[in-house]
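Residue 236 in my numbering is what sits at position 226 of the sequence shown, and the numbering runs on without skipping anything. Okay, structure first, notes after.
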Amino acid sequence: MAKKILVTGGTGYIGSHTVVVLQEAGYEVLIIDNLSNSSIDVIEGITRITGIRPVFEKVDCTDMDGMRAFFEKYPGIDGIIHFAASKSVNESVRKPLLYYRNNIVSLLNILELMPEFNVKGLVFSSSCTVYGEPDKNPIDEDAPIKPATSPYGNTKQINEEIIRDYIHSGAPIKSIILRYFNPIGAHPSAEIGELPIGEPQNLVPYITQTAIGIRPYLKVFGNDYNTPDGTCIRDFIDVMDLSRAHLVAMDRILEDKSDEKMEIFNLGTGRGVSVMELIRVFEKVTGKPLNYQIVGRREGDIEQIWANPEKANKVLGWKAETPLEETLTSAWKWQLKLRERGIM
Ligand code: UD1
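If you want it as structure tokens, here you go:
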């Protein structure tokens with residue numbers, strides 16, 4: 011019988027792409043999402059790609075009663091991939107309690123319910139934000155954790171510690187923590203992608219919205235950094251590559267491939283790309299010049315960070331493979347599809 015995986019935040023950006031990958035690998039996928047930052051239409055996109063409609067229930071992970079009712083209704087869940095979280099750095103500075111409640115209480119509820127319902131594995135979405143400004147690049151998993159620069163970043167650090175302490179206490183679960191670098195792009199079919207509500211805060215949705223005329227120009231936040239072209243450097247990873255790492259991680263837990271009860275992996279390409287380089291590649295693949303202006307630095311930005319993904323490459327046997335050109339083409343195709351459908 012197919013193993014059952016609960017994907018929290020499964021209508022969100024990375025969640026929805028991971029649902030597709032899990033379904034295609036033969037897992038039975040159930041989604042919960044409170045739809046606070048995603049649309050129920052995403053279920054249609056997933057179904058069009060895989061031909062399988064995942065179970066969906068509108069449940070907020072902070073609602074313990076709702077969560078328990080869900081596990082009672084759907085017994086036999088083998089593993090959980092926990093994406094559901096608030097993720098805006100900016101908003102977290104303005105609404106810290108919202109971030110602590112959403113991101114911490116959700117995890118506490120899940121961890122409490124796992125042994126009660128015999129759920130063995132947890133794959134957790136963390137972020138390279140836990141490293142702060144690195145002393146050196148590329149950065150590996152043993153690099154020091156720096157004081158968080160935002161409540162959002164702090165919730166990721168605290169969540170990692172909660173999982174560590176719970177497992178250390180002898181809890182009958184296993185966990186893999188995945189530290190994402192900068193996920194971008196969309197499913198190549200353009201049936202699902204990133205759907206920011208309001209003005210995007212992340213670079214690639216801002217670029218595609220500018221290119222299609224929704225935004226007049228992209229603001230490049232600073233060209234006076236200590237980098238070759240003066241703009242910040244990031245490790246941009248294709249969302250499909252990232253999603254495949256979740257599948258490998260879940261397989262690893264459920265097939266007991268490791269003696270470790272908790273493992274941490276960086277998910278990146280191992281290649282640093284500057285903001286200006288990314289813009290140039292986007293212009294090349296779309297054949298359109300992009301309107302942009304250099305403006306002042308954005309507060310809290312890290313100058314340069316890219317992953318050493320060797321641990322994931324060796325231990326998980328996973329590698330980010332999609333060329334940046336292809337990833338940006340998928341992001342652009344998705345933006346065009348949104349226009350075609352009259353969504354944006
Ligand atoms: C940020 C968070 C990260 C979080 C991620 C997801 C920080 C330090 N990191 O990543 O923890 O997981 O968002 O939401 O805040 N840029 C522009 N113009 C724009 C937008 C971005 O020049 O309109 C630049 C930024 O200055 C940065 C780069 O593009 O140098 C990437 O920015 P972004 O996509 O927002 O991601 P991060 O800041 O790396």
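Virtual Cβ for every residue (Gly too), placed ideally from N, Cα, C. Small disclaimer: the values here were computed from a predicted structure and weren't measured.
{"Item": "Residue span of the beta strand (DSSP E) that contains Pro161, given as start and end", "Value": "Premise fails: Pro161 lies in the alpha helix (DSSP H), 161-178, not in any beta strand (DSSP E)."}
{"Item": "4 or more residues per run - each alpha helix (DSSP H) lying fully within the stretch 213-264", "Value": "213-221, 249-264"}
{"Item": "Any residue whose CB is nearer than 6 Å to a heavy atom belonging to the ligand UD1, listed in chain order", "Value": "Lys97, Val99, Ser137, Thr139, Gly163, Asn192, Gln211, Asn212, Leu213, Tyr216, Leu228, Lys229, Val230, Phe231, Cys242, Arg244, Val285, Arg308, Gly310, Asp311, Ile312"}
{"Item": "Pairwise C-alpha distance: Ile304 and Thr339", "Value": "24 Å"}
{"Item": "Burial state of Met11, where buried means 16 or more other Cβ atoms lie within 10 Å", "Value": "exposed"}
{"Item": "Expected contact under 8 Å - CB spacing of Gly131 and Asp88 to nearest Å", "Value": "7 Å"}
{"Item": "Nearest-angstrom Cα separation, counted from Val249 out to Ala330", "Value": "10 Å"}
{"Item": "CB contact flag (Arg244, Asn192, <8 Å)", "Value": "yes"}
{"Item": "Residue range of the beta strand (DSSP E) that includes Phe134", "Value": "131-137"}
{"Item": "Lys166 classed as buried or exposed, judged by whether at least 16 other C-beta atoms fall within 10 angstroms", "Value": "buried"}
{"Item": "Gln345, DSSP secondary structure in three states", "Value": "helix"}
{"Item": "Span of the beta strand (DSSP E) around Gly89", "Value": "87-92"}
{"Item": "Ile168 versus Val133 - alpha carbon distance", "Value": "16 Å"}
{"Item": "Reduced DSSP category for Ile24 - H, G, I as helix; E, B as strand; rest coil", "Value": "helix"}
{"Item": "Stretch-stretch touch, CB-based, cutoff 8 Å, three pairs: the stretch 51-68 with the stretch 194-210", "Value": "yes"}
{"Item": "Separation of Pro161 from Gly310, as counted between CA atoms", "Value": "12 Å"}
{"Item": "Check whether Asn119 and Ala95 have beta carbons under 8 Å apart", "Value": "no"}
{"Item": "Distance, Leu277 Cα to Ser135 Cα", "Value": "10 Å"}
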